[in-house]
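Asker:
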Amino acid sequence: MAKERVCRSTLEHIALVELRSKSGCENIVAIRIDYVPSGKETNWRISEVNFGSETSIQHPADAVRSVSAKLSERYSMMMDS
4 MAKERVCRST LEHIALVELR SKSGCENIVA IRIDYVPSGK ETNWRISEVN FGSETSIQHP
64 ADAVRSVSAK LSERYSMMMD S
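Numbering-wise (our numbering), the sequence shown opens with residue 4 and increments by one.
(1) In chain order, what residues of the same chain lie with their CB nearer than 7 Å to the CB of Asp37, ignoring the 5 residues before and after it?
(2) Quick one, which of Arg68, Pro40, Pro63 and Ala72 has its alpha-carbon nearest Met82's?
(3) Can you check whether the CB of Ala33 is closer than 7 Å to the CB of Asn53?
(4) Who pairs with Glu79 in a beta bridge, going by DSSP?
(5) Where Ile31 and Ala64 are concerned, what is the direct C-alpha to C-alpha distance, given to the nearest angstrom?
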């Protein structure tokens with residue numbers, strides 16, 4: 004099945020909603036996804052996770068990897084977004 008091509012803002016919204024559903028990630032304010040030009044199957048990565056003024060939250064590395072893996076199977080980011 005072909006991946007759905009989406010713009011950066013749409014992909015960031017989808018990934019943010021997915022991340023916020025993970026335990027300990029409910030207070031994430033925003034994320035940034037960067038385009039990664041490569042011959043690999045995935046052409047994007049979550050590059051920043053913003054918790055705003057929260058200081059007691061640990062970086063959700065496992066959640067980011069899990070969400071990235073799940074969404075990269077379904078979505079490809081459009082280059083010009």
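Where a beta carbon is used, it is the ideal one built from N, C-alpha and C, also for glycine. Treat the numbers as computed from the prediction; the structure is a model and nothing was measured.
Answerer: Let me spell this out:
(1) Within its own chain, the residues whose Cβ lies closer than 7 Å to the Cβ of Asp37, once the five positions on either side in sequence are excluded, are Trp47, Arg48 and Ser50, listed in chain order.
(2) Measuring from the Cα of Met82, the nearest candidate turns out to be Pro40.
(3) Yes; because the gap between Cβ atoms is below 7 Å, this pair is in contact.
(4) Checking the displayed sequence, the identity of residue 79 turns out to be Ser instead of Glu. Per DSSP, Arg8.
(5) Straight across, the Cα-Cα distance linking Ile31 with Ala64 is about 13 Å.
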